[in-house]
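Peer 1: At position 256 of the sequence shown (counting the first as 1) the number is 262 in our numbering, and the numbers step up by one without a gap.
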Amino acid sequence: MTDLLIHDATVVTVNHENQILRNGSIRVTDGTISSVESTVPADRGSTAAHVIDGSGTVVIPGLIDAHRHTDFTLVQGLFSELAGDELLKEAFALYHTAEPTLGDSFFEAAWRLACLRQLTHGVTTVNAMDFTPELGAEALGESGLRGVIGPELADFLDPASADEQLADARRFIETYHDTYDGRVTASIAPGGEAGCSRELWEGVAELRADYPDLRLHTHLYDSAEADTMAAGSGADDPLDLLDRYGLLDERTLLTHLLYADQDDARRIADAGAHVLHCPTVYSYFQAGARTWFPLPALQESGANVAIGLDDPFWFDSWDLIQEAKHARLLSNFEYGGQQWSSYDLLRTVTIGAARALGLDDQVGSLEPGKRADFVVIDVDTPRHQPYSNLPSVLMNSVTAGDIETVVVDGEVLMKDRAVESIDVESVRAAATRERERLQTRTGWETSLAGSTPPDKSILRRVSARPLLRAMKQYGSGVVNQHVW
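Here's what the structure looks like:
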């Protein structure tokens with residue numbers, strides 16, 4: 007028996023044929039899509055447990071945020087007016103002070119607020135790399151969303167030793183992988199060549215060998231010092247670093263790649279690795295002169311590219327559709343027009359992202375046999391009507407404010423803009439309380455006009471251990487590059 011049916015909607019399937027049904031019906035049984043077909047009169051009188059009249063709406067697969075840091079959701083607005091260098095210093099200091107100063111209640115409130123924002127923005131799956139993954143797994147699971155989460159391993163950022171971080175990661179995998187009816191899974195998430203020592207990379211390789219089915223999710227080529235930091239671990243460059251440890255293959259997710267070149271793009275594609283692009287963070291803070299994501303080379307090589315929103319530290323947005331729009335505009339500005347078609351851009355936040363996460367047999371498109379993750383968008387407004395070229399409307403005009411209903415695993419989590427799976431007032435109250443604690447206990451001064459960092463010296467707010475490790479790595483890299 008059909009549990010859920012939506013009828014008379016325009017259904018954008020994102021299947022292999024890029025099929026769009028003008029008046030379509032989606033039937034769901036036991037959380038799985040049983041059919042996607044043209045609407046017939048009997049659908050309008052269906053006795054399914056949940057029947058949704060999709061007239062005037064467009065249904066697309068649930069959006070997938072391919073790269074997210076979530077721990078610091080509650081810092082919205084604090085860093086928005088800082089210059090890039092100052093932001094990095096203040097973010098580094100907050101990483102070191104927030105956990106001992108604010109405790110789990112701060113991060114639990116942050117994760118719960120993040121889940122609420124993701125849900126109301128149509129994000130049904132998130133790929134997260136965080137320092138409080140246990141809280142994230144529970145928040146995502148209880149909210150009804152889907153997530154891939156990895157404890158961020160970075161001994162140049164986290165004061166804990168490489169062995170301590172690796173042990174924590176192993177415990178997380180054993181405890182939370184494939185939980186909440188399979189909606190929450192684990193990944194292995196080293197911070198990248200600029201965040202990890204050789205000792206940590208060796209431990210990551212052991213984790214990968216012990217858990218071969220997990221995705222490896224890392225940053226790569228996100229700074230001008232990328233080659234030098236990789237050389238500190240005995241490698242020629244960041245890709246060689248991954249390759250030496252057996253970490254570069256079709257299970258590998260590479261984030262940012264600002265300083266990658268055409269040859270790097272070819273090597274990535276040849277390995278079958280996936281690329282996660284977060285355009286706004288770097289354009290917002292001007293990542294570096296004459297550096298930008300090598301989209302044409304990646305496309306020419308056939309690499310799979312997905313899009314993510316990255317970190318609330320950097321800019322204050324949760325709208326993945328708009329992020330995809332930014333990706334196209336920035337690439338067109340850098341390389342010339344029509345770098346992505348509208349349908350291809352939609353694929354980067356649906357089936358392409360699902361493929362990167364190894365979930366394309368479950369989600370990412372609307373096809374029989376897949377789990378029922380989808381978003382219902384209201385387009386019956388003067389903002390959108392009349393229209394043609396629906397993919398262009400979706401990727402150029404639609405915003406998260408147009409999202410009406412969200413379904414994950416066949417469960418209606420939001421209907422007619424009313425959230426059903428999360429206690430909204432409880433989330434808001436906790437977020438407000440913890441945000442106030444953040445300000446009073448860390449020394450940040452805030453007002454409606456802006457924010458001011460603490461007066462206390464940055465050196466007195468950070469741990470020396472990760473800084474010394476990073477300096478040692480960089481020094482070793484310089485020696486390996488220029489002496490040996």
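Every residue, glycine too, gets a C-beta built ideally from N, C-alpha and C.
Please report the residue range of the beta strand (DSSP E) in which Arg1 lies.
Peer 2: Since the displayed the chain opens at 7 and closes at 490, residue 1 lies outside it and no answer follows.
Peer 1: According to DSSP, what are the bridge partners of Asn133?
Peer 2: Beta-bridge pairing links Asn133 to Val154.
Peer 1: Taking three-plus beta-carbon pairs below 8 Å as touching, is the stretch 36–45 in contact with the stretch 88–108?
Peer 2: Touching, no, given that fewer than three Cβ pairs across the two stretches are closer than 8 Å.
Peer 1: So, Arg273 versus Arg221, is the Cβ gap smaller than 8 Å?
Peer 2: Going by C-beta atoms, Arg273 is not nearer than 8 Å to Arg221.
Peer 1: Roughly how many whole angstroms lie between the Cα atoms of Leu372 and Glu199?
Peer 2: Roughly 37 Å between the two C-alpha positions.
Peer 1: Taking only the alpha-carbon atoms, compute the straight-line gap between Thr387 and Ile58 and give it to the nearest angstrom.
Peer 2: Near 19 Å, if we compare the C-alpha coordinates of Ile58 and Thr387.
Peer 1: Apply the 10 Å Cβ neighbour rule to Ser193 and answer buried if 16 or more other Cβ atoms are within range, or exposed otherwise.
Peer 2: Ser193 comes out buried.
Peer 1: Have a look at Thr448 and Lys462 and give me their C-alpha separation to the nearest angstrom.
Peer 2: Cα to Cα, the separation comes out at about 10 Å.
Peer 1: Quick one: give me the first and last residue of the beta strand (DSSP E) that Thr258 is part of.
Peer 2: First-last of the beta strand (DSSP E) with Thr258: Thr258 to His262.
Peer 1: When we look at the beta-carbon of Ala175 and count the other beta-carbons within 10 Å, is it buried (16 or more) or exposed?
Peer 2: Classification of Ala175: buried, given that the 10 Å Cβ count is 16 or more.
Peer 1: Whole angstroms are fine: how far does the CA of Val17 sit from the CA of Ser469?
Peer 2: Their Cα atoms are separated by approximately 52 Å.
Peer 1: In angstroms, rounded to a whole number, what distance separates the CA positions of Gly314 and His56?
Peer 2: If you take the alpha carbons of Gly314 and His56, they lie about 32 Å apart.
Peer 1: Just to check my reading of the structure: Thr172 and Leu159 have Cβ atoms closer than 8 Å, yes? What is that Cβ distance to the nearest angstrom?
Peer 2: Checking the sequence shown, residue 172 turns out to be Leu, not Thr. Contact holds; Cβ gap of about 7 Å.
Peer 1: For Asp77, which residues from the same chain have a beta carbon less than 7 Å from its beta carbon, with the 5 sequence-adjacent residues on both sides left out?
Peer 2: These residues qualify, in order along the chain: Phe113, Ala116, Asp136, Phe137 and Thr138.
Peer 1: I want to know whether the stretch 368–382 touches the stretch 123–131 - three or more CB-CB distances under 8 Å.
Peer 2: As far as the Cβ criterion goes, the stretch 368–382 touches the stretch 123–131, which means the pair count is three or higher.
Peer 1: Does the beta-carbon of Ser44 have 16 or more other beta-carbons within 10 angstroms, so that it is buried, or is it exposed?
Peer 2: When all chains shown are included, Ser44 counts as exposed.
Peer 1: Exposed or buried, which one is Thr286 when buried takes at least 16 other CB atoms within 10 Å?
Peer 2: Burial call: buried.
Peer 1: Tell me the residue span of the beta strand (DSSP E) that contains Asn310.
Peer 2: Counting along the chain, the beta strand (DSSP E) containing Asn310 begins and ends at Asn310 to Ile313.
Peer 1: Is the CB-CB distance between Glu359 and Ser307 below 8 Å?
Peer 2: Residue identity check: residue 359 is Ala in the sequence provided, not Glu. In this structure, Ser307 does not lie closer than 8 Å to Ala359 by Cβ.
Peer 1: Can you tell me which of the three DSSP states His183 falls into?
Peer 2: Residue state, collapsed to three classes: coil.
Peer 1: Starting from the C-beta of Leu226, find all residues in its chain whose C-beta is less than 8 Å away, skip the five residues before and the five after it, and write them out in chain order.
Peer 2: Here the set comprises Gly198, Glu199, Ala232, Pro244, Leu245, Leu248, Leu260, Thr261, His262, Leu263 and Ala266.
Peer 1: Going by Cα to Cα distance, which pick from Leu396, Gln479, Thr446 and Arg434 is closest to Asn24?
Peer 2: Of Leu396, Gln479, Thr446 and Arg434, the residue nearest in Cα terms is Leu396.
Peer 1: Let's see if you can read the secondary structure: which residues bound the alpha helix (DSSP H) around Thr286?
Peer 2: Taken as a continuous stretch (DSSP letters only), the alpha helix (DSSP H) holding Thr286 covers Pro285 to Tyr290.
Peer 1: Between the C-alpha atoms of Glu340 and Arg423, what's the straight-line distance to the nearest angstrom?
Peer 2: One C-alpha to the other measures close to 37 Å.
Peer 1: Note the first and the last residue of the continuous alpha helix (DSSP H) segment covering Lys95.
Peer 2: Note, Lys95: alpha helix (DSSP H), Gly90 to Leu108.
Peer 1: Considering only the alpha carbon of each residue, which of Trp298, Asn310, Tyr290 and Leu301 lies closest to Ala277?
Peer 2: It is Asn310 whose Cα lies nearest to the Cα of Ala277.
Peer 1: Is the CB-CB distance between Ala195 and Thr224 below 8 Å?
Peer 2: In contact: Ala195 and Thr224 (Cβ atoms closer than 8 Å).
Peer 1: Just mark Met477 as buried or exposed, buried being the case when its beta carbon has 16 or more other beta carbons within 10 Å.
Peer 2: So Met477 counts as exposed.
Peer 1: Sorted by chain position, which residues of the same chain lie with C-beta nearer than 6 Å to Arg441's C-beta, five sequence neighbours on each side aside?
Peer 2: Only Leu80 meet the Cβ criterion.
Peer 1: Which of helix, strand or coil does DSSP assign to His488?
Peer 2: Here His488 sits in helix by DSSP.
Peer 1: Drop a sphere of 10 angstroms on the beta-carbon of Leu419, count the other beta-carbons inside from all chains shown, and report buried for 16 or more, exposed for fewer.
Peer 2: Leu419 is buried by the Cβ-count criterion.
Peer 1: Measuring CA to CA, which of Ile12, Leu93, Ile70 and Thr181 is closest to Trp320?
Peer 2: Residue Leu93 is the option with its Cα nearest to Trp320.
Peer 1: Tell me, please, which residues DSSP counts as bridged to Glu43.
Peer 2: Its beta-bridge partners are Ser31.
Peer 1: Put Leu10 into one of helix, strand or coil per three-state DSSP.
Peer 2: Correct three-state label for Leu10: strand.
Peer 1: Suppose the cutoff is 6 Å on Cβ atoms and the five residues either side in sequence are ignored; what does the same chain contact list for Val34 look like?
Peer 2: The residues are Asp9, Leu10, Ala378 and Gly416.
Peer 1: How many Å lie between Asp325 and Thr405 at the Cα?
Peer 2: Roughly 7 Å separates the two Cα atoms.
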